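For any residue, its number in the numbering used here is found by taking its place in the sequence shown, counting from 1, and adding 1430. We put the beta carbon where it would ideally sit given N, CA and C, even for glycine. In this text the structure is predicted, and so the values were computed from the model without any measurement. Step one of this worksheet: look at the structure below.
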Amino acid sequence: MSEAKNVQEIRAAGKFELETLQKSFGAMVAPSYESAQHYAALAKDYFDLRFSDAELPPAINPINAFPAGQGAVDVERTTFVYTGGVSALYSMEAYLDALAEVFRLRPEEVFADFIVRPAEQDLLESWLAKVGLSSDPRCEYSMAISRIMYLGLRLI
């Protein structure tokens, strides 16, 4: 099979997959607004690729993490770190139920840090309230918009 035919088949398969997904979801989510514009521009000659106004989760950015080796390791405590989206796209029910159970079993040894966008803080707070973690001192947080909150729960 020629290389040109392979490229055509791959392009047709990719178009089919993207169009099928788009019919199911209505729109897709890209890592950033710029990525969405780039992907849409690449696809414009073949089909209309629509993206939602939301971006994918922020992931752990170096500015959001404490540099390794800068401070003593605390072997007496465990910190669960979640970095990602908080929306209907990212269900966290099982994770938060499990985290709440760990908090009950290890009341002095477990902490949780959540790194999310400011616009997602209210939804995260409501989810934490459902599992009884919003008022836990190990999950304190500030609604202030800043890059890092040095508390039990980080929201950015």
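Residue from the options whose Cα sits closest to the Cα of residue i
i, options, result
"THR1513", "PRO1548, SER1564, LYS1474", "PRO1548"
"LEU1555", "VAL1532, GLU1523, PRO1537, GLU1531", "Before going on, a small fix: residue 1555 reads as Glu here, not Leu. For GLU1555, the nearest C-alpha among the options comes from GLU1523."
"GLU1538", "ILE1545, CYS1569, GLN1551", "CYS1569"
"LYS1453", "ALA1530, PHE1477, LEU1535", "PHE1477"
"ASP1527", "ASP1543, GLY1515, GLY1562", "GLY1562"
"GLU1550", "VAL1532, SER1521, GLU1531, PHE1541", "SER1521"
"ALA1460", "ALA1542, GLY1515, LEU1553", "GLY1515"
Span separating the alpha-carbon of residue i from that of residue j
i, j, result
"MET1458", "LEU1451", "8 angstroms"
"SER1517", "THR1508", "26 angstroms"
"LYS1560", "PHE1510", "18 angstroms"
"SER1482", "TYR1463", "9 angstroms"
"LEU1583", "ASP1475", "Unreliable positioning characterises LEU1583 in this predicted model, as indicated by a pLDDT of 40, which lies under 50. The coordinate reading is nonetheless provided below. LEU1583 and ASP1475: Cα-Cα distance of roughly 46 angstroms."
"SER1565", "ARG1534", "13 angstroms"
"TYR1525", "ALA1443", "35 angstroms"
"VAL1540", "VAL1532", "7 angstroms"
"ASN1436", "VAL1546", "41 angstroms"
Enclosing beta strand (DSSP E) for residue i [first to last residue]
i, result
"ASP1527", "First-last for ASP1527: 1523-1535, but that is the alpha helix (DSSP H), not the beta strand (DSSP E)."
"ALA1542", "1540-1545"
"TYR1476", "Unbroken run through TYR1476: none, as it is neither H nor E."
"VAL1511", "1508-1513"
"VAL1459", "1458-1460"
N-terminal and C-terminal residue of the alpha helix (DSSP H) that residue i is part of
i, result
"ALA1470", "1463-1473"
"GLY1559", "The identity of residue 1559 in the sequence shown is Ala, whereas the question assumes Gly. Note, ALA1559: alpha helix (DSSP H), 1551-1560."
Anticipated Cβ contact below 8 angstroms, residue i with residue j, distance rounded
i, j, result
"LEU1448", "LEU1479", "6 angstroms"
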